[in-house]
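For reference, the structure is listed below as structure tokens.
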Amino acid sequence: MAVAAGSGKCVKVPRNFRLLEELEEGQKGVGDGTVSWGLEDDEDMTLTRWRGVILGPPRTSYENRMYNLKVECGPEYPDSPPFVKFVTKINLNGVHTSNGVVDMHAVTALAKWQNSYSIQMVLLELRRLMTCKENMKLPQPPEGQIYSN
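For the sequence shown, our numbering assigns the number 24 to the initial residue and increments by one for each residue that follows.
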């Protein structure tokens, strides 16, 4: 939510305006290049289905790997968090090993979601989790494997 200058009142930014802003940031490559995001289909006028990519952090078992994700921003986004699922197989606490779905309760950015959060923030949080002590040395599936569903 944006605050109108001088009024102290919150102004609700329409969902599509917010998502168009996130799309523009993704296309411009905002950030340090360790995560990227964009629409799954450029023809998706509802701005619902997104793709994300996370580059595995150095000095972890994820290093030199690219992880592809699906991100779905439902009709209540940004008031409700997106649904996030890894496409690339990964062994990471908080990600279901059978289907790649990210457990919303295991990822702080999703569990404590605020409407000021973004797709970029979720991707960066997942990348940060890869560097946590309990995750950084977990054995990974062979490179290039994807979830079937």
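The beta-carbon is built from N, C-alpha and C at its ideal position, and this holds for glycine as well.
Exposed or buried, residue i, counting other C-beta atoms within 10 Å across all chains shown (16 or more means buried)?
{"i": "C96", "result": "buried"}
{"i": "R82", "result": "exposed"}
{"i": "P104", "result": "buried"}
Measuring CA to CA, which of the options is closest to residue i?
{"i": "A71", "options": "E45, L78, N87", "result": "What sits at residue 71 in the sequence shown is Thr, not Ala. The candidate whose alpha carbon is nearest that of T71 is E45."}
{"i": "L42", "options": "G52, W136, M68, G54", "result": "M68"}
{"i": "P162", "options": "T120, L92, D55", "result": "T120"}
{"i": "Y90", "options": "I77, P98, E99", "result": "I77"}
Identify, in the order they occur along the chain, each residue of the same chain with its Cβ nearer than 6 Å to the Cβ of residue i, setting aside the five sequence neighbours on each side.
{"i": "G49", "result": "W60, G61"}
{"i": "A28", "result": "Because the pLDDT of A28 is 48, which lies under 50, any placement of that residue in the model is unreliable, and the number read from its coordinates should be weighed accordingly. Cβ within range, chain order: n/a, list empty."}
{"i": "E86", "result": "G79"}
{"i": "G123", "result": "K108, F109, Y170"}
{"i": "G167", "result": "none"}
Considering only the beta carbon of each residue, do residue i and residue j sit closer than 8 Å?
{"i": "G75", "j": "V58", "result": "yes"}
{"i": "G117", "j": "V125", "result": "yes"}
{"i": "V94", "j": "I142", "result": "yes"}
Excluding the five sequence neighbours on either side, which residues of its own chain have a C-beta within less than 8 Å of the C-beta of residue i, listed in chain order?
{"i": "A134", "result": "M127, H128"}
{"i": "P164", "result": "K112, I113, N114"}
Kindly list the residues whose CB is nearer than 7 Å to the CB of residue i, restricted to its own chain and excluding five residues on each side of it in sequence; keep chain order.
{"i": "K160", "result": "S84"}
{"i": "E157", "result": "N116"}
When you compare the segment 113 to 123 with the segment 152 to 162, are there three or more beta-carbon pairs, one atom per stretch, that lie closer than 8 Å?
Yes, the segment 113 to 123 is in contact with the segment 152 to 162.
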